[in-house]
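Have a look at the structure below before the remarks.
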Amino acid sequence: MENRGYPAGDAGAAAQERAVQEFYMDQVRGCLTEEIGAPSFFVTTIGCQMNARDSEKLEGMLEHMGFVKAAQEGQADLVLYNTCTVRENANLKVYGRLGVLKKQKERNPRMVIGLCGCMMQEAEEVETLSRKYPFIDLIFGTHNIYKFPQLLFSVLERRRQGGKHRTYIDVWEKPQLIVEDLPVDRKYSFKSGVNIMFGCNNFCSYCIVPYVRGRERSRRPQEILEEIRGLVADGVKEVMLLGQNVNSYGKNLDTPVTFAQLLNQVAQIPGLERIRFMTSHPKDLSDELIAVMGSCPKVCNHLHLPLQSGSSRILKEMNRRYTKEQYLALVEKIRRAVPDISLTTDIIVGFPGETEEDFQETLDVVRRVRYDSAFTFIYSKRTGTPAAAMENQVPEAVVKDRFDRLLEEIQEIARQEAGRLTGTVQQVLVEEENDHEAGLVTGRMTNNMLVHFPGGRELIGQLVSVSLDTCRGFYYMGTIERQEEN
Ligand code: SAH
Ligand code: SF4
Ligand code: F3S
1 MENRGYPAGD
11 AGAAAQERAV
21 QEFYMDQVRG
31 CLTEEIGAPS
41 FFVTTIGCQM
51 NARDSEKLEG
61 MLEHMGFVKA
71 AQEGQADLVL
81 YNTCTVRENA
91 NLKVYGRLGV
101 LKKQKERNPR
111 MVIGLCGCMM
121 QEAEEVETLS
131 RKYPFIDLIF
141 GTHNIYKFPQ
151 LLFSVLERRR
161 QGGKHRTYID
171 VWEKPQLIVE
181 DLPVDRKYSF
191 KSGVNIMFGC
201 NNFCSYCIVP
211 YVRGRERSRR
221 PQEILEEIRG
231 LVADGVKEVM
241 LLGQNVNSYG
251 KNLDTPVTFA
261 QLLNQVAQIP
271 GLERIRFMTS
281 HPKDLSDELI
291 AVMGSCPKVC
301 NHLHLPLQSG
311 SSRILKEMNR
321 RYTKEQYLAL
331 VEKIRRAVPD
341 ISLTTDIIVG
351 FPGETEEDFQ
361 ETLDVVRRVR
371 YDSAFTFIYS
381 KRTGTPAAAM
391 ENQVPEAVVK
401 DRFDRLLEEI
411 QEIARQEAGR
421 LTGTVQQVLV
431 EEENDHEAGL
441 VTGRMTNNML
451 VHFPGGRELI
461 GQLVSVSLDT
471 CRGFYYMGTI
481 ERQEEN
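So the sequence shown is numbered by full-length UniProt numbering: it starts at 1 and just counts up by one.
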């Protein structure tokens, strides 16, 4: 493990590191053609929006180094998997792909195979991967993503010198720097994720994220605002502020700033139309934030508020630090301030020791809050977390039965709620041409629901007013009213 001892957030060291990586990007560009011909890449992202944003940075760096995006993984000279490890099945996805990658590399021996992201922060996984899948060229973690050009250069340089193949591994236990301003290739021209903080301090007892993403670090407001201004100048209309717990943003900055204050500052950026954020931990959601959500028109009419469980007893075991009653009171307060807000959530079923009574408490919250949608997860044991050591794990068949009942309840409520905007006119940000029906485009409302309506690709990235004619399950069919000035 490497440690140069920079304090996280040290701007001078970060600028120096950026210069180092720019140097390596030039180096890689220089030796590319020689090494792997006309190089193409394919990045596969597993996991949450943080990982999606990291992948945009990796793709940006790759393009800067002279690679071009391949249409399919099978055609690429460089394949990168940005992994997740929040649940076991995320890891299984990676193992499932490695057999295919091995065959691809047999056909194209110059191919570079890299793995990065959260799963690589687990020493046992890295050990297994490098032992059982020796054809992997590069493994790095979440804390040194910015060092990718230098790592790739090391792999290519070793090949150039005819060195024996080995898996180049560089995983840091702890974060060191927040390196700003490296190239980014955005997936969408008109919307973008923006990291406002990294890591998590909450240690929910089931969750691996604090172990693989490190402690909470906030970016400075001026850097966030600068990035968003740049994005807006480049055509972005909507940003999603990203953090594992955005409500504790800014607490550890030299000059502390609250998340609500940051939102207010972001909202003042001219040309920015919409602001979303993800994720809000209920224990830290302040009245100040609720006030901003209620008063600031740019803040979207949607809040993702993970519940995890409706049982106060289980919530305590989960170390969530709120009770069922506090959660419900919070929802009520939010609904009073933002009457038509769309609420979504995450729920885990089958946490160790969960009884039928506990599960009924979860169903009770679902029925009272009436979420517009919810992600439901079967509890997955993560080695190293406190919950993994708990003895009373719930039998699989019981969990499966609860999961099915929960899903049915959630879907029924979401179906009933979905139609409530029928007949109204809503602002829609057009995202893409509809892939099922020619002549239709698909856009997103401020509440995060999708609308399909007749229109052409020239509308992509535009905000338009759309009349919602019919609701079909979880989306609407509409008709365009008029185009906004933008
Ligand atoms: N920081 C976010 C969540 C990040 S992980 C928050 O606190 O809300 C996304 C979701 O994965 C969590 O909300 C939780 O519902 C789920 N999750 C996390 N660890 C899990 C585990 N071990 N088993 C099942 N689901 C899990
Ligand atoms: Fe995991 Fe809890 Fe942190 Fe979310 S807040 S990332 S669930 S530890
Ligand atoms: Fe997965 Fe890492 Fe996100 S574990 S959920 S990709 S922070």
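Glycine residues also receive a C-beta, built at the ideal position from the N, C-alpha and C atoms. Quick caveat, the model's predicted, so the values are computed rather than measured.
Three-state secondary structure assigned by DSSP to residue i
i	result
F190	coil
H143	coil
G461	coil
C31	helix
residue 546	Nothing in the structure corresponds to residue 546, since the chain is present only between 1 and 486.
E432	strand
N264	helix
L182	coil
E216	coil
P454	strand
Y476	strand
D358	helix
F203	coil
R166	coil
V441	strand
Alpha-carbon to alpha-carbon, residue j and residue i
i	j	result
K187	M278	18 angstroms
R229	E106	46 angstroms
V266	L225	6 angstroms
R336	S192	30 angstroms
A418	W172	45 angstroms
P134	P386	32 angstroms
I341	D77	46 angstroms
Y379	M61	36 angstroms
P39	P109	13 angstroms
F474	E125	38 angstroms
residue 497	F453	Examination of residue 497 is not possible in this model, given that the chain is present from 1 through 486 alone.
G163	E22	25 angstroms
R131	T167	9 angstroms
R219	L241	11 angstroms
R274	P297	8 angstroms
G310	F359	7 angstroms
L138	V212	18 angstroms
K251	I196	12 angstroms
G456	E433	7 angstroms
Y146	V398	44 angstroms
I410	Y327	18 angstroms
V20	A90	33 angstroms
P270	N264	12 angstroms
E223	F67	28 angstroms
S154	V112	12 angstroms
C300	M293	8 angstroms
R217	G199	6 angstroms
Q268	A11	25 angstroms
K103	V79	13 angstroms
P210	M318	14 angstroms
D372	S205	27 angstroms
Counted within 10 angstroms of its Cβ, other Cβ atoms place residue i as buried (16 or more) or exposed
i	result
H281	buried
R160	exposed
G439	exposed
T362	buried
P256	exposed
A71	exposed
V184	buried
P395	exposed
N3	Per-residue confidence for N3 stands at a pLDDT of 34, beneath the threshold of 50, marking its modelled position as unreliable; the derived number appears in the next sentence. With fewer than 16 Cβ atoms within 10 Å of its Cβ, N3 is classed as exposed.
residue 487	No answer is possible for residue 487: the residues shown for the chain start at 1 and end at 486.
P339	exposed
V100	exposed
Q150	buried
K333	exposed
R444	buried
T383	exposed
E17	buried
Legend entry - Minimum length 4: unbroken alpha helix (DSSP H) runs contained in the region 376-427: 396-418
Inset, instruction - Decide if the region 462-472 is in contact with the region 417-426; the criterion is three or more beta carbon pairs, one per stretch, under 8 angstroms apart. - result: yes
Inset, instruction - Determine contact between the region 333-352 and the region 296-308, defined as no fewer than three beta-carbon pairs at a distance below 8 angstroms. - result: yes
Inset, instruction - For the UniProt domain "MTTase N-terminal" (39-157), list the alpha helix (DSSP H) runs that are entirely contained and at least 4 residues long, ordered along the chain. - result: 49-64, 88-107 and 123-132
Inset, instruction - Say whether the region 45-58 touches the region 79-97, bearing in mind that this needs 3 or more beta-carbon pairs closer than 8 angstroms, one atom from each stretch. - result: yes
Inset, instruction - Let me know the beta strand (DSSP E) ranges lying completely inside the region 269-355, each 3 residues or longer, listed in chain order. - result: 274-278, 302-304 and 342-349
Inset, instruction - Take every Cβ of the region 162-176, pair it with every Cβ of the region 18-28, and state whether three or more of those distances are shorter than 8 angstroms. - result: no
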